[in-house]
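Since the structure comes first, as structure tokens, the remarks are kept for the end.
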Amino acid sequence: MNKDKQLAILAGRGLIPVKVADSAQKSGWKVFIVSLNGEADKALDKYPNIKINLTEVTKIIRTLKNKNIKDILMIGYVDRPYKWKRDIGLSLLLWAIKNRDFFRRGDASMCSKVVDFLEKKDFVVHGTHEIASELVLQESIISNVAPNKNNEKDIEYGFSVARMLGNLDIGQGIVVEDRRVLAIEAAEGTDMMLERVVAIKNRKKKSINGVFIKCLQEVQDNRIDMPTIGPVTIQKVYEAGLNGIAISAGGVIVYDYIEVCRLLNEYNIFLVARPFNCP
9 MNKDKQLAIL AGRGLIPVKV ADSAQKSGWK VFIVSLNGEA DKALDKYPNI KINLTEVTKI
69 IRTLKNKNIK DILMIGYVDR PYKWKRDIGL SLLLWAIKNR DFFRRGDASM CSKVVDFLEK
129 KDFVVHGTHE IASELVLQES IISNVAPNKN NEKDIEYGFS VARMLGNLDI GQGIVVEDRR
189 VLAIEAAEGT DMMLERVVAI KNRKKKSING VFIKCLQEVQ DNRIDMPTIG PVTIQKVYEA
249 GLNGIAISAG GVIVYDYIEV CRLLNEYNIF LVARPFNCP
């Protein structure tokens with residue numbers, strides 16, 4: 009269906025862009041990689057590619073238009089740029105002036121502005137769930153162990169808290185134990201938040217029978233800001249002494265599914281995907 013259609017993947021760090029690119033190619037897309045800040049994984053070098061600084065927006069747009077590429081997907085880890093290159097371009101400069109609080113915004117608001125800018129340049133922005141749907145977990149339980157009654161109460165409570173935080177554009181993850189919030193993900197990201205929970209566990213000198221909740225916020229644009237978990241997440245949850253993980257169905261990328269399943273069962277940790285609005 010996508011035969012001869014070109015897809016530009018604006019790729020940051022990590023291996024997820026590789027999975028997405030391979031999936032897109034299998035679906036018939038002609039893949040072109042824009043390695044943001046030159047940090048994309050070397051495995052993507054097998055595709056036609058160009059290395060461009062994230063701040064060289066005019067160059068990125070000019071490159072894609074010269075190649076008649078209209079379809080874009082953004083994936084991978086990229087640090088927020090604080091210094092702009094001289095080729096910022098008049099249109100982007102005017103946009104930046106109009107949206108001068110851009111870098112003071114939350115991630116969801118910032119990503120929404122990026123999509124809006126690209127669409128005004130006549131690009132079509134796709135999400136990972138559209139191109140590589142196999143990476144996004146639908147409603148299910150994929151572990152050998154299931155949540156107990158107390159875990160279920162924590163999941164229900166955690167989802168309600170996550171919805172409130174989402175309206176404020178704060179974080180994508182929280183840790184809940186006995187209907188009490190132990191940690192909220194902020195700018196530090198999931199891994200460092202879970203390390204804080206490890207510190208709490210060590211201070212209490214006992215296990216934390218809690219749940220890690222990861223959800224796609226209502227205010228987030230899932231085309232470029234979809235939450236992700238993977239083997240490192242499972243390892244951190246285990247180190248924190250938590251019972252399991254609950255994610256919003258269809259709203260979270262699960263990277264390296266086979267290894268995730270192996271670790272879940274090795275550590276007796278549950279992973280469930282639930283409808284976010286109906287936990």
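So the mapping is simple: our numbering equals the position in the sequence shown, first residue as 1, plus 8. All C-beta atoms in this analysis are idealised placements derived from N, C-alpha and C, irrespective of residue type, glycine included.
At a Cβ-Cβ threshold of 7 Å, Leu272 and Ser151 count as neighbours. The residue among Gly22, Val28, Val262 and Ser256 with its C-alpha nearest the C-alpha of Thr136 is Val28.
The DSSP-derived three-state label of Leu23 is coil. Nearest C-alpha to Val42 among Lys34, Val65, Gly36 and Ser35: Val65. With contacts defined by Cβ atoms closer than 7 Å, Gly218 and Glu185 form a contacting pair. Between Ile80 and Phe131, the gap from beta carbon to beta carbon is short of 7 Å. Under a 10 Å Cβ-count criterion, Pro283 is classified as exposed, with fewer than 16 other Cβ atoms of the shown protein chains found around its own Cβ.
If you look at Lys38, you'll find it isn't in any alpha helix (DSSP H); it sits in the beta strand (DSSP E) that goes Lys38 to Leu44. Between Ile69 and Lys129, the C-beta gap is smaller than 7 Å, which places the two residues in contact. Scanning the region 131 to 214 for uninterrupted beta strand (DSSP E) segments of 3 residues or longer gives 132 to 134, 181 to 185 and 188 to 192, listed from N- to C-terminal end.
When Tyr246, Pro56, Leu18 and Asn45 are compared, the shortest CA-CA separation from Ile83 is found for Leu18. Taking C-alpha positions only, Arg231 is separated from Glu47 by approximately 21 Å. Straight-line spacing of the CA atoms in Lys67 and Glu138 works out to 26 Å. Sorting Ala254, Ile242 and Pro25 by C-alpha distance to the C-alpha of Glu267 places Ile242 at the top. With contacts defined by Cβ atoms closer than 7 Å, Leu143 and Ile58 do not form a contacting pair. For the pair Asn175 and Ile192, the Cα-to-Cα distance works out to about 14 Å. Remark: C-beta atoms of Pro235 and Leu250 do not approach each other more closely than 7 Å.
As the crow flies, the alpha-carbon of Asn76 is around 40 Å from that of Arg171. For Ala281, the closest of Phe220, Ile208, Lys73 and Lys212 by C-alpha to C-alpha distance is Phe220. At the C-beta level, Val206 and Glu247 come within 7 Å of one another.
Separation of the CB atoms of Ala32 and Val39 is rounded to 5 Å, and the pair is thereby assigned contact status at 8 Å. The beta carbons of Val153 and Asn61 sit about 46 Å from each other, so the pair does not count as a contact at 8 Å. Secondary structure at Ile58: strand, using DSSP grouped into helix, strand and coil. In terms of Cβ geometry, Ile163 and Ala254 form a close pair [threshold 7 Å]. Short of 8 Å from the beta carbon of Asn158, and not among the five residues preceding or following it, lie these beta carbons of its own chain, in chain order: Asp186 and Asn217. For Arg70, the enclosing alpha helix (DSSP H) starts and ends at Val65 to Asn74.
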